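Before any comments, here is the structure.
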Amino acid sequence: MDPKKPYEPHSIRPLTQDEIASYKALGYVIIRGLFDAKEMELVRAVCQSDPSVEASLKTIVDVKGKTWGASVWTGLNDSLVSVITQTARMVEAVEALVGSTPYHMYSKIVQKPAHDDSTVSWHQAFPAWYREGCLFPDFFTDCSIAITDNTKANGCLQVIEKSHLLGRVDCVEIGNALLCDPKYITNALKHLKIIDCEMAAGDTVFFHSNTIHGSLENKTNETRILMHCHYNAMSNRPSQENLEAHSCLPINKMPDSAIKDGVYTHGFISNAKDWNWYNTDPDDLLHK
Ligand SMILES: O=C(O)CCC(=O)C(=O)O
Ligand SMILES: [Fe+2]
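In structure tokens:
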């Protein structure tokens, strides 16, 4: 090792060329066991017991008028969940998929409680960021980590394969949700198929910002948990000014061991109150 060069951690699980090609062709790729069960158990415990997860819950409406919740944060901090977004495993995977230096835009934890009949309606991530001045969809990626086992029965994430090739689909705004206009989904599903992203805890699906995705009800006795991490290329940051909550911070990659080594001060730190997305009272949403 060159003593003059600063130490740079490297991913314990770099993506292969086949995985990158599959993401580009299909709009998603599932990486099995990117995290291990012990690491996910630490996050699950935070979801269960850390009051800041509950305190930062934002409410979103589905097409049926039912609500679901997401605990949101932006930027980088010293919490376990933020450390996960900074690990070499994640950052190098994103770098390989977007082909450019990424920053962490925001993340959220979505817990679908047992026997919850809300759904997440079909949507793309990109349209919201397009409105804020991000131009290039290929520079964005969503990484959804299964914190618990995700199955069809408990409402796993679903993606529409190759839907990233449709470009930015026209949206309808329902409450604070920006959803794909259902008429385009009906058309798309004549040609494209729905993939159930069934995953064991620690599996991760990376998907393109225009990949249409959503999820169905949880019909089981267990809570289903996913952590969705959103990255964008530094060069593609929003053109709008004063987007305080979207601060574009360079990520100093952390070693993959940081999770188990406990290199964090908190389980979850939220700055979501500073962020006006989703900051609408659910009652207002439902009566709009
Ligand atoms: O957790 C889910 O089922 C999907 C959530 C999602 O796509 C989102 O929050 O944008
Ligand atoms: Fe989403």
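Using this note's numbering, the letters of the sequence shown map in sequence onto residues -11 to 276. Backbone N, C-alpha and C fix where the C-beta goes; we use that ideal spot for every residue, glycine too. Bear in mind that the values here come from a model prediction, so they are computed numbers and not experimental data.
Between the CA atoms of residue j and residue i - distance to the nearest angstrom
i: Ala58; j: Leu180; result: 28 Å
i: Ser227; j: Ile257; result: 27 Å
i: Ala176; j: His111; result: 13 Å
i: Met43; j: Ser151; result: Here residue 43 turns out to be Ala, not Met, going by the sequence shown. If I take the Cα positions, the gap works out to 34 Å.
i: Leu14; j: Arg156; result: 16 Å
i: Tyr16; j: Cys122; result: 21 Å
i: Leu145; j: Ser203; result: 5 Å
i: Lys46; j: Thr62; result: 13 Å
i: Ala25; j: Gly250; result: 15 Å
i: His201; j: Tyr(-5); result: 38 Å
i: His216; j: Thr174; result: 26 Å
i: Arg20; j: Cys159; result: 32 Å
i: Ala116; j: Gly190; result: 28 Å
i: Phe124; j: Asp66; result: 30 Å
i: Gly87; j: Asp126; result: 9 Å
i: Lys100; j: Gly143; result: 8 Å
i: Tyr11; j: Phe195; result: 7 Å
i: Ser223; j: His103; result: 42 Å
i: Arg32; j: Thr136; result: 7 Å
i: Glu149; j: Asp184; result: 10 Å
i: Ile95; j: Trp56; result: Contrary to the premise, residue 95 reads as Ser rather than Ile in this sequence. Rounded to whole angstroms, Ser95 to Trp56 spans 16 Å at the Cα level.
i: Glu120; j: Asp(-10); result: 43 Å
i: Val49; j: Ile18; result: 27 Å
Residue i: first and last residue of the uninterrupted beta strand (DSSP E) it sits in
i: Leu145; result: Leu145 to Ile148
i: Tyr16; result: Tyr16 to Ile19
Cross-strand partners of residue i (DSSP beta bridge)
i: Arg212; result: Lys100
i: Asn259; result: According to DSSP, which records beta bridges pairwise, Asn259 is partnered with nothing at all.
i: Leu45; result: Ser59
i: Asn138; result: Met187
i: His152; result: The partner list for His152 (beta bridge, DSSP) is empty, contrary to what the question assumes.
i: His254; result: Ser67
Span of the alpha helix (DSSP H), counted from its first residue to its last, around residue i
i: Ala33; result: Ala25 to Ser37
Own chain partners of residue i with C-beta closer than 6 Å, once the 5 adjacent residues on each side are dropped
i: Asp244; result: Ile0, Thr75, Ala76 and Arg77
i: Ala141; result: Lys207 and Thr208
i: Ser70; result: Leu64
i: Lys241; result: Pro(-3), Ala76 and Val79
i: Val98; result: Ala58 and Leu214
i: Thr199; result: Gly15, Tyr16, Val147, Ser151 and His152
i: Leu3; result: Ala81 and Ala84
i: Ser132; result: Leu145, Val193, Leu214 and His216
Proximal residues to residue i (C-beta, below 7 Å), its chain only, five neighbours per side dropped
i: Ala113; result: Phe128, Asp130, Ser197 and His218
i: Ile8; result: Ala84 and Leu85
i: Asp38; result: Gly255 and Phe256
i: Val41; result: Val34, Cys35, Ser59, Ile97 and Phe256
Beta-carbon contacts of residue i that lie in its chain and below 8 Å, excluding the five residues immediately before and after
i: Ile247; result: Phe23, Glu27, Leu30, Leu68, Val71, Ile72 and Thr75
i: Lys276; result: Residue confidence for Lys276 is low, a pLDDT of 40 falling below 50, so the modelled location carries little weight and cannot support an answer.
i: Val51; result: Thr107, Ser109, Ile162, Leu167 and Pro170
i: Lys(-8); result: none
- request: Would you mind listing the beta strand (DSSP E) stretches within the segment 156 to 211 that are 3+ residues and don't spill past its ends, in chain order?
  value: 159 to 162, 165 to 168, 182 to 184, 192 to 196 and 201 to 203
- prompt: Hey, which unbroken runs of the beta strand (DSSP E) at 3 residues or more fall wholly within the segment 60 to 133?
  reply: 90 to 100 and 108 to 111
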